[in-house]
Structure formats: C-alpha cells, structure tokens
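Colleague:
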Amino acid sequence: MDPVIRTEGLTKTYGSHRGITDVDLAIEPGEAFGFLGPNGAGKTTTIRTLLDHIRPTAGRAFVFGIETTIDPVAIHRRIGYLPGEFTLYDKLTGGQTIEYFANLRGGVDAGYQRQLMDRLDVDPSRKFREYSKGNKQKIGLVVALQHRPDLLILDEPTSGLDPLVQQTFYEVIRETKAEGRTIFLSSHILSEVEKTCDRVAIIREGRLVKVDRVEALRDLAHHQVELRFAGDVPVAAFSGLDGVSEVTTEDHLLRLRLVGSITPLVREASKYELVDFVSREPSLEETFLAQYGRGAVEAAAR
Amino acid sequence: MSAAVSPAGPRSAPAVRRIYGLGSLFGKTMRDSRRAILLVGGILALILVGVSQAIVNQFATPASREELEAVIAAVPPILQGLAGPVVNVGTLGGYMSYKYGTFFPLVASLWSILALSGTLAGEARRGSLEFVAAEPLSRRRVALEKLLGHLVAVGIATLLVFLALLAAGNAATLPGDEIPVGAAAGYAIWLALMALAAGGLAFALAQFFGRGAAVGIAGAVMFGGFILNGYRTAIPPLEPFANLTWFGWTANHIPLVGRFDWPSVVLAGLVAFAFLAIGVEAFVRRDLGATSAIPTPSLPRALVGLHGPAGRTFGNLLPSALAWGLGIGVFGLMIAGSGQQFVDQLVSAPDFRRLLQTVFPNIDVAAVGGFLQLAFTEFGLILAGLAAATLVGAWASDETTGRLEFLLATPLSRRRWVTAGGVGVLAGLVVATVLTAIGIALGATISGDTMATPVVGALVLLLYGGALAGVGVAIAGVFGSRFAAPAVAIITIVTWFLDTLVPALGLPDAARELALTAHYGLPMLGQWDAAGIIVSVGLAVAGVAIGRWGFQRRDLRS
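So, in structure tokens, the structure goes:
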C-alpha cells in the first residue's frame, strides 16, 4: 500500500534562512506518526509544505499519492488540520465557526460534530475573541476532527488544553487510529508522542535526525540524579546498578544518568545518610543534545 | 550600608537609545512614529511649500490677486462648506487658510486617532502590553512615556509645518504675503491641539471600549465637527451643533491672516489635556486590556455568511461596508439636501453663476446634480477609495491573521479564495454605494429636484471603488495580502493629489490624466465618460484574475 505521506529530499529555504533540508519521510496508512523537535527545528515548515501552504525550494512531497503542488484541494478534501498558531473570525461564535468550516467541506455528520463538542466541553455560544487560548484550541480541534478525515495533521495540538481535555483529546486520537485513519502529530512534548504514536521522527535544525519506532523514544527517556552524601561517596555501590551510566563525583556529590526504573537506586540510597536527593527529567532539548548532538546532525547532513 | 556598584552589574541603555530607539518606552514610541512623522509632517509641509509657490507664481500681481479674491468671494457659502474661512484670500496666508486651513487638521487628527487609540489598547489586544506591564515600571509611567512619545512626534510634524509656512512667507513677493513667525506658530500650535483633541478622545475611549470602537467614535466626532463647522454658515440650523466641536470653537482663530483667538485655542488644548488625563487614569485604574463592548445589533443569520467563502467575506466586511455607506450617504444627503439653497444662492449671485458656467460649461449649475458634481464627487471618490482599502483589508485579514491556514486546509482552492474575496469586496462596495444613493435620493427629494440622474451618478463610487479593489486583490495575490489595503489607500491619496494638485501646481495636464477620477465625465449630471467605465471594470476583473494567478505562485504567509 502506498504511504499516506511521502517526501523526497524535501527542502525549503526562506531567502538565506534555513527552513528544512532534504527531509525524507514515508508514513503508512493507519499509522500515528509523531514529529518531534525543539522550537524552530522545522516542524511547522514541513507541515505547511505538506499542505501546499508553502512550496518546496527543492524535492517533492506526496499526500495520498498526490504531489502537494499539483492538486492540493484533492488532498485537503481528505485531511483535517490544526495549525500551531491560529486565529479565526473574532465576530463569529464558536458554534458558527465550526458550522462555517463544516459547510466549506460539506457532508459533516452533525451528530459526530455535536459529540466532539460535548466531549471537548466546547461552549459554542461565545464569540471567538472571548475565548481563552485553550478554548480557541478546542474550537480548532473540532474543526480539524469533525469530518472524520483520512489524515489528521496536528501541529502542537494540546497547547493550552487543561489536563482533563488533554486526556479526552488522547482518547479521540486513539479512536481515530483504531478506525484505521492516519495521524501526523507534531509536538515538542516527549510524553505526548509516546502516548499517541507508533513511530516518531526527530527533526533538528531542519534535518531529520532519526526515524524510529516510539519504543526507541523510551530509551531516550532518562533521569539526571544528584545525591549529596553526609560522608564519603560510595561510587561503586551505584555505578553497578542497572541503567546507571555517566557517573561523576565532586566532593560529597554523586551525579549519574539513569535509564529505567528508579526503585533500585532509591533502595540503594536509603542505606546511606543523605543530605539531598534530586532527580530531574531533562528537557527534550537536553535529551536531543545528549543523544543526537551536533555531530549527529552534521552526519545526517552528509 | 551601601553596596558597591559592580562594573558587571545592570547597565542602563545609552541616552540616545532612550530618546530614540529601544532604550525606553518613549524611545520606542519615537522610533515607531518615525514614518508617520515624515509622512504627515512632510506631506503637509510639501503641500504648503508647493501650493504657495504656485500661488505666488500664478497670481504674481496685485490685480490678479484682486480677481482671485473676487472669484472666491462670489462662491456661495454652501459651496465653501469643506473649505476654510474666506478672509483676506487675496493674500498668501488667507488663501492657504481658505484652501487647506481646515483640511490639514483632518489629516493630523486622523494620525493622532490611529496612533493614540493603538498605543495602549492596540497593544493590549495584541498581547504585547502584558509583557510591557510586567516590567518594573508603574502603569502611569508606561502610559505617560508612550503619550509623551506621541506628543513629541506631533510636535515634530507641526514644527515641519511651521517651518514650511515660514519658508512660504519668505518666498512671497507681494505685500501682505508675508507670514510672520507668530502667525506660523499660531497655526502650528492650533494644528497640533486639534490633532491632540481628536487623538485624546480616541485615547480615552480606547481604555474603556477598545481600539476599534475608539477609532470609530473619535473619527465620527472629528469628521462631524469638520462638516458641521464647514456648513454652519450655509445651513444655520447646524450652528448650535457646530459650537459643540473644537472646529467650531476655534473658527475665529485664523492666524495666517493675523486673526488670533487664543482663548478658544486654549480651550481646545484643555479639552485635549482632559481627554489624555482621563485615558492615563483609566489605564492606571482599570484591569489591563479589559474593555466593554458597545452593544451593536447582530447581523441576521442569513447575512453572517456561513455557507461559503464569498458569503463569509461579505459577512465579515458587511459592518464596515454599512458604516462607510452610512457615512458617505449622510454626506450625500447633506449635499443633495442643500442643493435648493445652493440654487437659491446662485440666483442672488449672478456673477458667480456666470463664472461657474464659464469654468464648467457642461454643468447645469442650477440643478441639484450639478451641485453634487461640484461639491460631492471629489470628496465622495476619496471616501470610496478609502472604503475600498478598508474592505480589501478586511478580506486580506484572512491571511494576515493566519485564518487562511485553516481555510486552505479545507477543499477551498487558492483561486476560489481570491475570487470569493473579490466578489465579497465588490458586494460590500455595492452596499456602500446603495446607501449613498439612498442618501442622495433623500436629499434630492428634500431639494425638490429629480433624483434619478444623481442616484445613477452615485455608481461612480462603485466603479472607482471596484477598480481600486481589483488593484488591491491583484497586489494581495501577487505580493502578499498585507500590502493590499495600504496600497489601495496610497493609490487613493495619490490619485486625489494628481486630480487636484496638478492643476493647482501648474503641472502638465498629462499628469492629471493619470488619475482615474479624471475620466468619469460628469456622472451626477448623467454625462459619463466611457473610458473611465471601461478602465474601472477592466481593473476590477483583471485585478481578480491577476490575484488568482499570483496567489497560485507564492507561499502563504504565516
């Protein structure tokens, strides 16, 4: 079966500014695909190229086997899209906004539309300009989902949503996937991609650094742990534990990197007199830098 | 105990940057105002210098000045409504006051309204004020620094006007043409205070009702004052209303002819100060960015336009189209409604009637249509052009606000979006034109004259607006939507300059022929020039076609 999304050497530059360079992707039907990267990495540029909102400087992109620059309307008929940043009609109510976009497409199931609005707790009666950021995001989600698209393209979809609505959103995404539809989700939140996606691509400085199963992400997830002891640092007791690496000491301070369960480490630490115990999950940026530093990016460029 | 200041400690911005640049709120306001200062101050100064040169050269003898004075004196008050006072018009200062004296405050006031309504309320809407207000500065200081920046900007612009007046006076050759420093200063100070009164009103209102409502109300008060004051002599019932406006209070302050009325200018200044103080206090005391909506009737559901892109464009810009239509319509109503008074005044001024008949041999000056052609068309066309700019801007906001990201992710093609925009904007112009025609029809009925010809003549607004809208759509498609509305506004102003200033400056007629408005014939009298109609329709259609073509070839702006 042909990929739903396929790009070949997709490149976009803005004058002298980098956009994306040589992006090659293939996303299969029914797949939930995460697109991870720090701010400014090129996620939105890639998405806007897939939608033909911007044109590639080089390379090509195909969605449903259609080249994006040849017949974008045929592609748009089958997709639902939520931009990363958007504004809609200030003077229309949320309900009118949803209705307008339903009319632009035609054939939207009013029952499903209503169900989505209820599940996401959308108040359709208020003017768009009066909504909070999170409520605007909900309107955008309903617009993107209401016609049950074959392909959902979501750019940072949970931005501004409260945790309860986020959970509902994840449920909807899981249902969408269960129905065999394809999802392309851009995010810089590791856990979000982990929860929703099968495969993930990591983009950094405009280049794809890695494309892999989402399980590979879990290998990226780790903790930076700092233990301050009252007495000498028992280095040997910790460096032999499962998942522990990059062990360093400084006076009474022990630093290490831990992948996997933290329980054995806590159990071991409880045997000693501790002054302080700090465990921190690094940011995505730090994770990327640790795992795919500049060298990896340069290698990808070659 | 005092702490030693570390050389690596916090640094304050250099003094220069605090005055102009990103070193302070004041400096940034000055930096943001630089183009407006040059545009408003520079253009007004250039007009003053250019026109004064033309007057000095074309009316170089005392005899020619007497003729000029006689011609202007013969113009009935009803026709002088939008011009300044007729005092010593045989002198350079008198002519300047007559021709541009009351028009310049409109331009300066418009700038002040747009700037002061946006300086806090506009920033609050964009969200940048949240950051500014989180800085270690009191709210009062934030407001005062921004306000001071605008006051200085207005001061610089009016200083340019002051210098231009002195230069014009120095270049004069006939006795009486001199413009003393006191006279130039009197005019410049009046100009600045008129602008600040209007801007101050917008500033105060914006803290309560937001930027859009503030611009609308302050703009209406300013234009209302200008028109009421202009027609107070011709239409005596307007007198009490004119006296409520700062245009009315300062009507006897004509410094360029040596007539000063400082108490009225001080009153205008006090009102401006009061508005500004209210604005500052409201900003200090109210919740940041909290505004109250002025209740306005909602559009009927059928007009909201939820069924397609053309309908949505139309529904989105319909409130603007209605506002423009009502404004131009009321203007048409006033002019057409006073047509009979004009005809009556012509009967008592046979010399002027003969003069008009000589200058405009094809115009039946004794008909309401003739009066409309003389008094309505020029200003009406400027308003139609600005209406087109506003409506094109409303359509273009799909892209400038980012809505188009969503819209073009539906099965809506780029070509269809452009076409729908063109259709929506034209439909908006039709609404504005119909309202104008209704105003003219009512006015003609009041005057007891035939209404059919001037009502059809109102179509000239649709033709001109449609042509400019076509240009705007083409520019939006090819270069980007954000350029469309400013380009249409600039073309409107340049066209007006070509049509009115080219003859005044004695430039070749070929330059005036570049103005589309010079090619419509006399529509209010039923005499149409086919060239203007064809070019207008062509620009409207071709503009949309070019817009469709261009938008296919460029990236969507995010």
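Taken in sequence, the protein lines are chains X and L. For my numbering, count along the first sequence from 1 and bump the result up by 1003. For my numbering, count along the second sequence from 1 and bump the result up by 1. Built from N, CA and C at the ideal position, the CB exists for glycine as well.
1) Looking at tryptophan 418(L): is its Cβ nearer than 8 Å to the Cβ of leucine 408(L)?
2) Quick one: residues in its chain with C-beta nearer than 6 Å to the C-beta of alanine 275(L), no 5 flanking neighbours on either side, listed in chain order?
3) Can you tell me whether histidine 1191(X) is buried or exposed? The criterion is at least 16 other CB atoms within 10 Å of its CB, across all chains shown.
4) Of the choices Phe224(L), Gly449(L), Leu245(L), whose alpha-carbon is the least far from that of glutamine 342(L)?
5) Short of 6 Å in beta carbon distance, which residues of its chain neighbour proline 1075(X), apart from the five on each side in sequence? Order them along the chain.
6) What does a CB cutoff of less than 8 Å around histidine 616(L) pick up in its chain, not counting 5 residues either side in sequence?
7) Just the Cα atoms here: how many angstroms apart are serine 25(L) and arginine 32(L)?
8) Taking the alpha-carbon of isoleucine 1030(X) as reference, which of Asp1215(X), Phe1232(X), Gln1099(X) has the nearest alpha-carbon?
9) Looking only at its chain, what residues have a beta carbon closer than 7 Å to the beta carbon of alanine 16(L), apart from the 5 residues adjacent to it on each side?
10) For glycine 434(L) and leucine 463(L), which I take to be in contact (beta-carbon distance under 8 Å), what is that distance rounded to the nearest angstrom?
11) Count the other CB atoms, across all protein chains shown, that sit within 10 Å of the CB of glycine 980(X); report buried if there are 16 or more and exposed otherwise.
12) Starting from serine 34(L), trace the alpha helix (DSSP H) in both directions and tell me its first and last residue.
13) Grouping DSSP H, G and I as helix and E and B as strand, with all else coil, what is glutamate 1229(X)?
14) Quick one: using the 10 Å Cβ neighbour count with 16 as the cut-off for buried, is leucine 1310(X) buried or exposed?
15) Look at the alpha carbon of phenylalanine 1280(X) and the alpha carbon of glutamine 1140(X), and state the distance between them as a whole number of angstroms.
16) For glycine 1097(X) and valine 1125(X), which I take to be in contact (beta-carbon distance under 8 Å), what is that distance rounded to the nearest angstrom?
17) Whose C-beta lies closer than 7 Å to the C-beta of leucine 192(L) among residues of the same chain, with five residues either side of it excluded?
18) So, with DSSP's three-state summary, where would you put histidine 1020(X)?
19) Just checking: is the beta-carbon of tyrosine 1134(X) within a distance shorter than 8 Å of some beta-carbon in chain L?
20) Spatial neighbours of arginine 1129(X) within its chain, please: CB distance less than 7 Å, with the 5 preceding and 5 following residues excluded, ordered by chain position.
21) Between which two residues does the alpha helix (DSSP H) carrying tyrosine 1084(X) extend?
22) In the DSSP assignment, find the unbroken alpha helix (DSSP H) run with lysine 1141(X) in it and report its ends.
23) Does any C-beta atom of chain X lie closer than 8 Å to the C-beta of phenylalanine 210(L)?
24) Report yes or no: is there a C-beta of chain L within less than 8 Å of the C-beta of glutamine 1170(X)?
25) Measuring alpha carbon to alpha carbon, tell me which residue in Arg302(L), Leu300(L), Ser339(L), Ala165(L) is nearest threonine 234(L).
26) DSSP state of alanine 9(L), grouped into three classes?
27) Would you say aspartate 288(L) reaches chain X, if we count a Cβ-Cβ gap shorter than 8 Å as a contact?
28) In the DSSP assignment, the beta strand (DSSP E) including glutamate 1249(X) goes from what residue to what residue?
29) Compare the C-beta of arginine 1129(X) with all C-beta atoms of chain L and state if any pair is closer than 8 Å.
30) If you drop the 5 nearest sequence neighbours on each side, which residues of the same chain put their C-beta closer than 7 Å to that of glutamate 1249(X)?
31) Just the Cα atoms here: how many angstroms apart are threonine 1179(X) and glutamine 1169(X)?
32) Could you give the first and the last residue of the continuous beta strand (DSSP E) run that contains phenylalanine 1094(X)?
33) Are the C-beta of threonine 402(L) and some C-beta of chain X separated by less than 8 Å?
34) Is glycine 309(L) closer than 8 Å to valine 432(L) when the C-beta atoms are compared?
35) Counting only Cβ pairs nearer than 9 Å, list the residues of chain L close to glutamate 1218(X).
36) Please identify, using Cβ separations under 9 Å, the residues of the segment 403-421 of chain L that lie next to chain X, in order along the chain.
Modeller: Well, looking at it:
1) yes
2) none
3) buried
4) Gly449(L)
5) Asp1055
6) This structure leaves residue 616(L) out entirely; chain L is present only between 2 and 559.
7) 10 Å
8) Asp1215(X)
9) none
10) Contrary to the premise, residue 434(L) reads as threonine rather than glycine in this sequence. At roughly 4 Å, the Cβ-Cβ gap stays under 8 Å, so threonine 434(L) and leucine 463(L) are in contact.
11) Any property of residue 980(X) remains undetermined from this structure, which presents chain X solely from 1004 to 1305.
12) Per DSSP, serine 34(L) belongs to no alpha helix (DSSP H) and is neither H nor E.
13) strand
14) With chain X covering 1004 to 1305 only, the question about residue 1310(X) has no answer from this structure.
15) 39 Å
16) 6 Å
17) Phe105, Pro106, Ala109, Thr159, Val162
18) strand
19) no
20) Thr1096, Gly1097
21) Counting along the chain, tyrosine 1084(X) falls outside any alpha helix (DSSP H), though it belongs to the beta strand (DSSP E) covering 1082-1085.
22) 1136-1148
23) no
24) no
25) Ser339(L)
26) Note that alanine 9(L) scores a pLDDT of 47, beneath 50, so its modelled location is shaky; the value from the coordinates is reported in the next line. Reduced to three states, the DSSP call for alanine 9(L) is coil.
27) no
28) 1247-1253
29) no
30) Leu1259, Arg1260
31) 15 Å
32) With the sequence shown as reference, residue 1094(X) is identified as lysine, and phenylalanine is not the correct amino acid for it. No beta strand (DSSP E) contains lysine 1094(X), which DSSP labels as neither H nor E.
33) yes
34) no
35) The premise fails here: glutamate 1218(X) is roughly 31 Å from chain L at the closest Cβ pair, so nothing lies under 9 Å.
36) Gly403, Arg404, Leu405, Glu406, Phe407, Leu408, Leu409, Ala410, Thr411, Pro412, Leu413, Ser414, Arg415, Arg417
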